[in-house]
Amino acid sequence: MTTLSVSPQWRRTAHRFASVVLLALAVLFAACDSGGQGGSSMDDGGLECSFPVEFLNEGANRGAITPINDPSLVRASRAEEELSAFSNTSRVLGLPPSFHSAYNSTPLAIPLDVLFDSEVMNLDKWSRRPLAITFCPLTSSTLVFDREAIDGARFEISGLLLNKGNEEHPGNLVMVDAESGESLWPQMSLGAVCGPDRGTSLRTLPAVEMQWGRWKELYPNTRVAIKDTVEAASGARHSSVRTARSDRATDEVPLGRVLGIPDRARVGGGTGGLALAFQDLGGASPVRVVEVTVSRENMVVFWSADARAAMAYKTSASFSVQDGNIVDDQTQSVWSVAGRALSGPRVGDQLRPVGRAFIADGRAWFDFQPDTRLWSSSQ
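Counting in this note's numbering, the final residue of the sequence shown is number 381, and the numbers go up one at a time with none missing.
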């Protein structure tokens, strides 16, 4: 048994920690080669790691990227004044109140441009529970987590990148919690894969990513989360890519963005699920309805070309597109891509969103969910 002790100086130096983790990976791979179970377990006082990864690299010095803590929650008009590049085509991560009635009754939008330079937003004021809003520019993945699993502690950026594909695939944001200071929480792993909290999962909350102009139409009373001081990019970035990846695809897996629905959410990722590529969902019609089954659950996916948005819902009702609108076949009520009835007998009703569904770059999604089925418009 090899013992690997974590130096207290790791809390201050990302490079030292990166070396420790890479050494742990070497021990892990050696165990695999000798018939081990694919995990690394150290003696008391040492680092414990267990994750099916091929690459864990140092992307930036720890502290070079600063998370946003307790952002200002302002009205739409002020956000447009404060953010010079904020326009109707800017993308936001939206938290509809109907998604989160147990958390808050006010809609909230988080501009991806605000998250781009910080990647993690620790949100304590908007919700009744502490949340973490996360965006990885390299994997184009947006996820919202409940921080109760770490007793409400805040997340920071470790400076490390987790890559489950190869050197040509995008590396995913790796967070560290302020509680232990040693546990690693890769965003798309949905939990801790290394350190004292290894194996602890994070509860994901549903959110819908769309263009600002459409979100503002759906929720005119929305609040927008922004920094108190809007700063330029520091230059200490993982990538110079400013916007989400395009909706292109290859013959193998989509290179553009996908709405992914894993079979089940578990730490480290899974083996299956369903991915719907934006480039496949798009078409001549401004909206689309796709009925799917994941883990024997019947779901419906709404797509809006105008909002450049897709979201999955659990429902037994049937839907179709009529005159450019999403309508349910039972009552002919009109529905938005956010799953809310805009008119008709069911006006104001909300469909139950699939909490584990989220958007990511296609290559990264298949790295974490290698046996995912890829939906095709020909199905």
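Ideal placement from N, C-alpha and C gives every residue a C-beta, glycine not left out.
| Check | Outcome |
| --- | --- |
| So what's Gly364 in DSSP terms, helix, strand or just coil? | helix |
| Just to check my reading of the structure: Arg93 and Leu114 have Cβ atoms closer than 8 Å, yes? What is that Cβ distance to the nearest angstrom? | 5 Å |
| DSSP three-state label for Ser116, please. | It is Val, not Ser, that sits at residue 116 in the sequence shown. Residue state, collapsed to three classes: helix. |
| Can you tell me where the beta strand (DSSP E) holding Phe321 begins and where it ends? | 321-324 |
| Between the alpha carbons of Ser378 and Gly258, how many angstroms are there, rounded? | 14 Å |
| In the structure shown, what three-state DSSP assignment does Ser191 receive? | helix |
| Output needed for Val329: all residues of its chain with C-beta closer than 8 Å, excluding positions within five of it in sequence on either side, in chain order. | Phe321, Ser322, Val323, Ser335, Val336, Trp337, Gly346 |
| Counting Cβ pairs, one atom from each stretch, are 3 or more of them under 8 Å apart for the segment 194-211 and the segment 219-226? | no |
| Considering only DSSP beta bridges, list what Ile228 is partnered with. | Ser74 |
| Using DSSP's beta-bridge definition, name the partner residues of Phe304. | Val291, Met313 |
| Since Gly96 sits in a beta bridge, which residues does DSSP pair it with? | Ala111, Val210 |
| Below 6 Å CB to CB, which residues in the same chain sit around Trp367 once its five sequence neighbours on both sides are set aside? | Val260, Gly262, Ala277 |
| Which residue or residues does DSSP assign as beta-bridge partners of Asn223? | Answer is none; Asn223 lacks a bridge partner. |
| State the Cα-Cα distance for the pair Gly65 and Asp351, rounded to the nearest angstrom. | 44 Å |
| By Cβ distance, which residues of its chain are closer than 7 Å to Gly357, with the 5 residues on each side in sequence left out? | Thr206, Leu207, Pro208 |
| Is there contact between the segment 303-314 and the segment 184-196, where contact requires at least three CB pairs shorter than 8 Å? | no |
| For Ile152, which three-state DSSP category applies? | helix |
| What residue range is occupied by the uninterrupted alpha helix (DSSP H) comprising Leu283? | 280-283 |
| Going by CA-CA distance only, name the one from Pro355, His171, Ile135 that's closest to Phe147. | Ile135 |
| In chain order, what residues of the same chain have a beta carbon less than 6 Å from the beta carbon of Gly154, not counting five sequence neighbours either side? | Pro132 |
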